[in-house]
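Each residue of the sequence shown is one higher than the last, beginning at 0 in numbering that gives the first Met the number 0.
Heads up, the thing below is written out as structure tokens.
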Amino acid sequence: MGIMIKFTIKIGLLPGLVVVWLMSNQVPAQPADEETVLSGARFTNGLFEKWIDEYQILYPGRKFRIEDKGAAEFSNADLIVHGRRLSKSETDKDREYITIAKYAILIVSNENSPFADYYGKKGINTDQIKQVFFFDPIENVDKQELKVPYNVYTRLQLAPSPIVFASSFGYGQQQIHGRAIAGTDLHLIMAVLSDSLGITYIPLPLVYSPETGMINAGLKVIPVDVDGNGRVSDDEHFYDSISSVLEKLSARRPDNIPVAEVQVSILRKGARPEAVQFLTWILDGGQKSLARFGYLNPDPKILENQLLKLAQLALDQP
Numbered sequence: 000m001g002i003m004i005k006f007t008i009k010i011g012l013l014p015g016l017v018v019v020w021l022m023s024n025q026v027p028a029q030p031a032d033e034e035t036v037l038s039g040a041r042f043t044n045g046l047f048e049k050w051i052d053e054y055q056i057l058y059p060g061r062k063f064r065i066e067d068k069g070a071a072e073f074s075n076a077d078l079i080v081h082g083r084r085l086s087k088s089e090t091d092k093d094r095e096y097i098t099i100a101k102y103a104i105l106i107v108s109n110e111n112s113p114f115a116d117y118y119g120k121k122g123i124n125t126d127q128i129k130q131v132f133f134f135d136p137i138e139n140v141d142k143q144e145l146k147v148p149y150n151v152y153t154r155l156q157l158a159p160s161p162i163v164f165a166s167s168f169g170y171g172q173q174q175i176h177g178r179a180i181a182g183t184d185l186h187l188i189m190a191v192l193s194d195s196l197g198i199t200y201i202p203l204p205l206v207y208s209p210e211t212g213m214i215n216a217g218l219k220v221i222p223v224d225v226d227g228n229g230r231v232s233d234d235e236h237f238y239d240s241i242s243s244v245l246e247k248l249s250a251r252r253p254d255n256i257p258v259a260e261v262q263v264s265i266l267r268k269g270a271r272p273e274a275v276q277f278l279t280w281i282l283d284g285g286q287k288s289l290a291r292f293g294y295l296n297p298d299p300k301i302l303e304n305q306l307l308k309l310a311q312l313a314l315d316q317p
């Protein structure tokens, strides 16, 4: 990358200076037949498409392609998007993992369902969430049945959203009770929209429109007990818009609304200079688009550490 002298980045270095250094570090012109390939968590595609458009205005000629692969582990893309923080045993020792955003998972139903009509007003607490999604007739034999019918839809393949959702309540994805749907999170939404009793869990960025900031047609967000007191009060009904949800989630870590990191992994050795620079820009100029698409910003200290990791990675390239 044109750096003749290598040095160790010190933690005290200002993040702004790191960005300036990384972005000003000359990147060779991208050959006409080469492109930076992205793959991974597909619920993030809308955000990355926006980022690519903005980046290409600043750097004309940079080419990108988003792979349509369902499983990140089968990809050798330059940048792989992960919809959760992977455990140490799941990570690839040859890749660096960079946190770029956070997102929440919401419970949604068909807006015309009996569940939406009753619990859309009343809300549900932790025990009711477990009863809906993790029903076990032995464990729940003494619990009061929910008052309305519903059909739960869940993902068939291992994926970030069901793993994050289930683990937040002490379960594994395989313990989610419901009709398993092959495909993506969008297929869960389609199933709920086509079933007047449908209910599921969905990443917040897919629940709201980035154009209007309002809930996508046909869906109803089910309020949950976010303060853990066992009931849903009026101030826990805050789902009218993206901005109102993000405001509440930014103020405190809520109970019963799973929140996970979005990470991007990149090769530790042999990474494309264009990929390093694009990822750096995401942590700087790209952050302003997060809220519009329903994401939370990383904590400032985490963001600073990610920039330092990228600076060291850039220095370590051959």
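Backbone N, C-alpha and C define an ideal beta-carbon position, used for all residues, glycine too.
> So, is residue 156 buried or exposed, given that buried needs 16 or more other C-beta atoms within 10 angstroms?
Replying inline: By one-based count along the sequence shown, residue 156 stands at place 157. So residue 156 counts as exposed.
>> Rounded to whole angstroms, what is the Cα-Cα separation between residue 174 and residue 165?
In response: Against the sequence shown, residue 174 aligns to sequence position 175. Against the sequence shown, residue 165 aligns to sequence position 166. C-alpha separation (whole angstroms): 8 Å.
>> Using only the alpha-carbon positions, how far apart do residue 110 and residue 300 sit?
In response: Taking the sequence shown and counting its residues from 1, one reaches residue 110 at position 111. Taking the sequence shown and counting its residues from 1, one reaches residue 300 at position 301. Using only the alpha carbons, I get a separation of about 39 Å.
> Which first and last residues belong to the beta strand (DSSP E) in which residue 199 is found?
Replying inline: As a working note, residue 199 is residue 200 in the sequence shown. Unbroken beta strand (DSSP E) run through residue 199: 197-202.
>> Please report the straight-line C-alpha distance between residue 50 and residue 60, rounded to a whole angstrom.
In response: The residue given as residue 50 occupies position 51 in the sequence shown. The residue given as residue 60 occupies position 61 in the sequence shown. Roughly 15 Å separates the two Cα atoms.
>> For residue 180 and residue 257, I'd like the C-alpha separation in whole angstroms.
In response: Against the sequence shown, residue 180 aligns to sequence position 181. Against the sequence shown, residue 257 aligns to sequence position 258. Their Cα atoms are separated by approximately 21 Å.
> How big is the Cα-Cα spacing for residue 90 and residue 233?
Replying inline: Taking the sequence shown and counting its residues from 1, one reaches residue 90 at position 91. Taking the sequence shown and counting its residues from 1, one reaches residue 233 at position 234. Distance between the alpha carbons of residue 90 and residue 233: 42 Å.
> Would you call the CB atoms of residue 305 and residue 289 closer than 7 Å?
Replying inline: Reading the sequence shown from its first residue, position 306 is the one you call residue 305. Reading the sequence shown from its first residue, position 290 is the one you call residue 289. Going by C-beta atoms, residue 305 is not nearer than 7 Å to residue 289.
>> Below 8 Å on the Cβ atoms is my contact criterion, and I expect residue 38 with residue 97 to pass it. Report the Cβ-Cβ distance as a whole number of Å.
In response: Translated into positions along the sequence shown, residue 38 becomes position 39. Translated into positions along the sequence shown, residue 97 becomes position 98. Residue 38 to residue 97, Cβ: 15 Å. No contact.
> Would the C-beta of residue 86 count as close to the ligand NAP, meaning under 6 Å from any of its heavy atoms?
Replying inline: Questions concerning the ligand NAP fall outside what the structure shown contains, since it holds no ligand whatsoever.
> Between the segment 273-280 and the segment 117-127, do at least 3 Cβ pairs fall closer than 8 Å?
Replying inline: no
>> For residue 260, list the residues DSSP reports as bridge partners.
In response: To locate residue 260, count along the sequence shown from 1; it is residue 261. Answer is 101, bridged to residue 260.
> Cβ atoms of residue 219 and residue 293: under 7 Å apart, would you say?
Replying inline: Locating residue 293 in the sequence shown gives position 294, where the first residue counts as 1. Locating residue 219 in the sequence shown gives position 220, where the first residue counts as 1. Their beta carbons are not under 7 Å apart, which means residue 293 does not touch residue 219 by this criterion.
> What residues in its chain sit with their C-beta under 6 Å from that of residue 46, if we drop five residues either side in the sequence?
Replying inline: The count along the sequence shown starts at 1 and reaches residue 46 at position 47. Within the same chain, residue 46 has close Cβ partners 292.
>> Taking the alpha-carbon of residue 243 as reference, which of 212, 270 and 263 has the nearest alpha-carbon?
In response: The sequence position of residue 243 within the sequence shown is 244, counting from 1. Taking only the C-alpha atoms, the option nearest residue 243 is 212.
> Does DSSP put residue 86 in a helix, a strand or coil?
Replying inline: Mapped onto the sequence shown, residue 86 falls at position 87. If DSSP states are grouped into helix, strand and coil, residue 86 belongs with coil.
>> Quick check on residue 271: buried or exposed, where buried means 16 or more other Cβ atoms within 10 Å of its Cβ?
In response: As a first step, residue 271 must be located in the sequence shown, where it is residue number 272. Per the 10 Å Cβ criterion, buried.
> Which term fits residue 252, buried or exposed, when burial requires 16 or more other beta carbons within 10 angstroms of its beta carbon?
Replying inline: Locating residue 252 in the sequence shown gives position 253, counting from the first residue. So residue 252 ends up on the exposed side.
> In angstroms, rounded to a whole number, what distance separates the CA positions of residue 76 and residue 36?
Replying inline: The sequence position of residue 76 within the sequence shown is 77, counting from 1. The sequence position of residue 36 within the sequence shown is 37, counting from 1. Spanning the two alpha carbons is a distance of roughly 5 Å.
>> Under DSSP, the alpha helix (DSSP H) around residue 56 begins and ends at which residues?
In response: Numbered from 1 along the sequence shown, position 57 holds the residue referred to as residue 56. Here the alpha helix (DSSP H) through residue 56 covers 44-57.
> Residues in its own chain within less than 6 Å of residue 401 by CB, not counting five upstream and five downstream?
Replying inline: In the structure as shown, the chain starts at 0 and stops at 317, and residue 401 therefore has no counterpart that could be examined.
> So, helix, strand or coil for residue 81, using DSSP?
Replying inline: Position 82 of the sequence shown, counting from 1, holds the residue named residue 81. In this structure, residue 81 counts as strand in the three-state DSSP scheme.
> What is the rounded straight-line gap between the Cα of residue 188 and the Cα of residue 199?
Replying inline: Translated into the one-based positions of the sequence shown, residue 188 becomes position 189. Translated into the one-based positions of the sequence shown, residue 199 becomes position 200. Taking the straight line from one Cα to the other gives about 8 Å.
>> Please report the distance separating the alpha-carbon of residue 103 from that of residue 246.
In response: What you label residue 103 is simply residue 104 of the sequence shown in a count that begins at 1. What you label residue 246 is simply residue 247 of the sequence shown in a count that begins at 1. Their backbone Cα atoms lie some 12 Å apart in a straight line.
> Does DSSP put residue 291 in a helix, a strand or coil?
Replying inline: Here residue 291 corresponds to residue number 292 of the sequence shown, with the count starting at 1. Residue 291: helix per DSSP, three-state reduction.
>> Taking its Cβ as the centre, do 16 or more other Cβ atoms sit within 10 Å of residue 87, making it buried, or is it exposed?
In response: Mapped onto the sequence shown, residue 87 falls at position 88. It counts as exposed.
>> Please state whether the Cβ-Cβ distance between residue 147 and residue 170 is less than 7 Å.
In response: Walking along the sequence shown from the start, residue 147 turns up at place 148. Walking along the sequence shown from the start, residue 170 turns up at place 171. Not closer than 7 Å, so no.
> To the nearest angstrom, how far is it from the Cα of residue 265 to the Cα of residue 228?
Replying inline: Taking the first residue of the sequence shown as 1, we reach residue 265 at position 266. Taking the first residue of the sequence shown as 1, we reach residue 228 at position 229. So the alpha carbons of these two residues sit roughly 42 Å apart.
>> My output table needs one value for residue 147: the three-state DSSP class, helix, strand or coil.
In response: Within the sequence shown, the letter at position 148 stands for residue 147. In this structure, residue 147 counts as coil in the three-state DSSP scheme.
> Can residue 114 and residue 152 be called in contact, C-beta distance under 7 Å?
Replying inline: If you number the sequence shown from 1, residue 114 lands on position 115. If you number the sequence shown from 1, residue 152 lands on position 153. Not in contact: residue 114 and residue 152 (Cβ atoms no closer than 7 Å).
>> Run through the DSSP bridge pairs and tell me what residue 111 is partnered with.
In response: In the sequence shown, residue 111 corresponds to position 112, counting from 1. According to DSSP, residue 111 bridges with nothing at all.
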